[in-house]
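Here the structure is laid out as structure tokens; the discussion comes afterwards.
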């Protein structure tokens, strides 16, 4: 259950542009703020 919440949170961050993701989902990272 907690994993699903984590997944939804990550997706929200990605939608807002605060998190980046590899196309195959293997890696997440925060974009460098300029």
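Numbering (UniProt numbering), first residue to last: 1 to 34.
Glycine included, every Cβ here is placed at the ideal spot set by N, Cα and C.
All figures in this text were calculated on a predicted structure; none of them were measured in a lab.
- In the DSSP annotation of this structure, the continuous segment of the alpha helix (DSSP H) that includes residue 3 starts and ends at 2-16.
- Take residue 31, set aside five residues on each side of it, and the residues of its chain with a beta-carbon closer than 8 Å to its own are 17, 18, 19 and 20, in chain order.
- As the crow flies, the alpha-carbon of residue 25 is around 19 Å from that of residue 1.
- Spanning the alpha carbons of residue 4 and residue 22 requires a straight line of approximately 19 Å.
- Partner residues in the beta bridge of residue 20, as assigned by DSSP, are 29.
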